[in-house]
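This report concerns only the one structure given below.
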Amino acid sequence: MQRPQHYSARLLEKRFLNERETYLHVQFNCTPLNPDLPQYPGHTPGQYATFLLSEQDRRSYSFASVYSGDSTVDFVVEILENGIGSHRMATMEIGDTIEGIMPYGRFTYQNDETIRHHVVIGTGSGIVPLKPILEYGLQISTEQRFTLVWGLRYESDLFWVDEFRRLEEQYRQFRAMITITKPTETWQGLTGRVTEHLPALLTEVADTCVYLCGGHAMIHDARTLAGDCGIEKKRIITEQFY
Ligand SMILES: Cc1cc2nc3c(=O)[nH]c(=O)nc-3n(C[C@H](O)[C@H](O)[C@H](O)COP(=O)(O)OP(=O)(O)OC[C@H]3O[C@@H](n4cnc5c(N)ncnc54)[C@H](O)[C@@H]3O)c2cc1C
968 MQRPQHYSAR
978 LLEKRFLNER
988 ETYLHVQFNC
998 TPLNPDLPQY
1008 PGHTPGQYAT
1018 FLLSEQDRRS
1028 YSFASVYSGD
1038 STVDFVVEIL
1048 ENGIGSHRMA
1058 TMEIGDTIEG
1068 IMPYGRFTYQ
1078 NDETIRHHVV
1088 IGTGSGIVPL
1098 KPILEYGLQI
1108 STEQRFTLVW
1118 GLRYESDLFW
1128 VDEFRRLEEQ
1138 YRQFRAMITI
1148 TKPTETWQGL
1158 TGRVTEHLPA
1168 LLTEVADTCV
1178 YLCGGHAMIH
1188 DARTLAGDCG
1198 IEKKRIITEQ
1208 FY
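Start counting at 1 in the sequence shown, then tack on 967, and there's your number in the working numbering.
What follows is the structure, encoded as structure tokens:
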């Protein structure tokens, strides 16, 4: 893995991904602050960057895609009312710069051939590192199964659904399950919390690896449930966002 370095990140593009305008996609070009360092050398799917908002405030955001091979990086930021990081990202103009340190993190694809099933669970913005982890894992492993369970409150928060359906078509060993806790009457998909759908997936426990990403409460509940189902501690990996 690369050592984290300081970069000046210049905003290239930004756009909302969902109907309710709660998820903002931002793309930056990174230039090392130390001119002696080489161009951005890349990240591992699942890693993140930390942005320096002010002397005392920093916020971390997971890379939203696999390393592109150049110095562009992209993120998806959940825009929270009165959120400090949310406000900064939402008000940046194209061409503005922000200092970021990257890449960090060990929440990455578990490249282990004894794993037969990767069960990848996220709530809300927790989907962000999971998508590149899935894309990378599916590319390098044809024998292993991958199941995504993504939980959100509202259908109007959904984004990337077409990408997940495309991945399902491309890789028959991949299945995406999306569950909504406050569905409208017209929602025809799964409902309820992610944890309600887990026991049915955690059957071949000896060969399963569970990835959890999102808020504290979901991680706590899902970790306990996975442990109770018989998943070994070392096969439950987590990234807690808040
Ligand atoms: C390793 C790591 C990777 C992360 N990756 C991402 C990412 O890819 N995309 C992303 O949007 N965020 C990500 N986060 C979370 C992010 O760093 C911020 O903490 C979060 O977006 C809130 O920041 P804010 O400054 O906008 O709100 P703040 O000013 O910190 O908080 C506003 C209020 O919202 C609450 N809160 C914080 N986060 C959430 C949430 N997600 N849902 C509901 N309430 C919340 C806080 O407790 C507080 O009360 C990541 C966090 C970590 C540690």
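C-beta: ideal position from N, C-alpha, C; glycine also.
Worksheet entry | Same chain only: Cβ atoms within 6 Å of T1064, ignoring 5 sequence neighbours per side | S975 and R977
Worksheet item: Considering only residues of the region 1127–1203, which uninterrupted alpha helix (DSSP H) runs meet the minimum length of 4 residues and lie entirely inside it, listed in chain order?
Response: With a minimum length of 4 residues, the continuous alpha helix (DSSP H) runs that stay inside the region 1127–1203 are 1128–1137, 1161–1164 and 1183–1196.
Practice prompt. Determine, using beta carbons only, whether T1148 and T1075 come nearer to each other than 8 Å.
Written response: Not in contact: T1148 and T1075 (Cβ atoms no closer than 8 Å).
Item to complete: Less than 8 Å between the CB atoms is what I'm expecting for P1099 and G1197, so what's the real figure, rounded?
Response: In this structure P1099 is not in contact with G1197, their Cβ atoms being roughly 29 Å apart against a cut-off of 8 Å.
Practice prompt. Give the straight-line distance between the Cα atoms of T1058 and A1016, rounded to the nearest whole angstrom.
Written response: 19 Å
Item to complete: Collect the residues with a C-beta less than 5 Å away from any heavy atom of ligand 1 and give them in sequence order along the chain.
Response: Y1015, R1026, S1027, Y1028, S1029, V1044, E1045, L1047, G1050, I1051, G1052, S1053, S1092, V1095, F1208 and Y1209
Fill in: As assigned by DSSP and simplified to three states, the class of S1223
A query on residue 1223 cannot be resolved here, the shown segment of the chain reaching from 968 to 1209 and no further.
Discussion item. Assuming V993 is part of the beta strand (DSSP E), what are its boundary residues?
Written reply: Y990 to P999
Worksheet item: Can you pull the DSSP bridge partners for M968?
Response: BP columns for M968 are empty, so no partner.
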